[in-house]
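Novice:
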Amino acid sequence: MLLSVKLFSLIIFVHIQPEITKLFLRESALAIYKTVNPYMSKHFNTPDKVIYVCTGSKCKKKGGKDLGKFFRGMIKDMGLKGQVEIVKTECTDRCDYAPVVCMQPDNAWMPQMNEAKAQEAFQEHVLRATPNERH
Ligand code: FES
């Protein structure tokens, strides 16, 4: 009886041992990878504010691409990198109002944007605190 229990235990051990070894190796490899690559442990960061700049063909022709550069420069100058992001979009189906920009979280859609308007909008929707930030 004792021999059969020992034999049974041995069979079970031999059967599950590869799974335990695989698990151990996987965990060890992950720990080593995290040590070597510290970025892996970083959080999925999201910006506080996003400026969507349409760079569809019509908006691009009317200065959409330059607006993206303009906003990027303002973000850099104000030290807001990481807090405010520019996202270039495809056509937003408002071509008659090109170039189009949208600022979130205010959901401020702005038609026929130019640098002067962009500066004003940046002041109002990016630099000014949103209601959620004012407490
Ligand atoms: S290309 Fe910008 S709205 Fe169509």
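Sequential numbering from -19 applies to the sequence shown in the numbering used here. Cβ atoms here follow ideal geometry from the backbone N, Cα and C, with glycine treated the same way.
When you compare only the Cα positions, how much space is there between A98 and F24?
Specialist: If you take the alpha carbons of A98 and F24, they lie about 29 Å apart.
Novice: Could you tell me which residues DSSP pairs with Q84 in its beta bridges?
Specialist: Paired residues: V30.
Novice: Alpha carbon to alpha carbon, what distance is there between F51 and C34?
Specialist: When rounded, the distance between both Cα atoms is 13 Å.
Novice: Helix or strand or just coil, what does DSSP make of E100?
Specialist: E100 falls in the helix class under three-state DSSP.
Novice: In this structure, does DSSP put K42 in helix, strand or coil?
Specialist: K42: coil per DSSP, three-state reduction.
Novice: Does the Cβ-Cβ distance between Q63 and P27 come in under 7 Å?
Specialist: Yes, the Cβ-Cβ distance between Q63 and P27 is below 7 Å.
Novice: Classify R114 as helix, strand or coil using the three-state DSSP reduction.
Specialist: Unreliable placement is indicated for R114, whose pLDDT of 49 sits below 50; no coordinate value is reported for it.
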